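Numbering (my numbering), first residue to last: 164 to 243.
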Amino acid sequence: MALITGNQLRAARALAGVEQKWLAEKSGVSINTIRNMEARGAEEITSGAVTVRKVQAALEGAGVEFTNGGQPGVRLAKGK
């Protein structure tokens, strides 16, 4: 599934127990971009697809799984 909203990003980061700085470093995306993505709240993230994929991949590497069944969500990946 895909990262869709700012709230989903914030929840994923909290679930993984990581700070914005860590996520920026791991994903290769600036911390300001991470902040702007989270600031979207319940709205869809409008950053470029490559940027979103980098952030999502970093969080998935930290054990988070994105869900979009009915509404966007996150959970710990099985076995993590």
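Glycine included, C-beta positions come from ideal geometry on N, C-alpha and C. Being a predicted model, the structure only gives us computed values, none of them experimental.
Cβ-Cβ separation, residue j to residue i (assumed contact under 8 Å), whole Å
i: K217; j: V237; result: Not quite, the Cβ-Cβ distance comes to about 17 Å (not below 8 Å), so this is no contact.
i: A205; j: N231; result: Between N231 and A205 the Cβ distance is about 14 Å, and since that is not below 8 Å, they are no contact.
Own chain partners of residue i with C-beta closer than 6 Å, once the 5 adjacent residues on each side are dropped
i: A240; result: G226 and E228
Classification of residue i by the beta-carbon crowding that lies within 10 angstroms, buried from 16 upward
i: R176; result: buried
i: Q219; result: buried
i: A212; result: exposed
Straight-line Cα distance separating residue j from residue i
i: T196; j: A202; result: 10 Å
i: A165; j: I208; result: 11 Å
i: S190; j: P235; result: 21 Å
i: A187; j: I194; result: 5 Å
i: G224; j: R173; result: 16 Å
Delimiting residues of the beta strand (DSSP E) encompassing residue i
i: E228; result: V227 to T230
i: V237; result: G236 to L239
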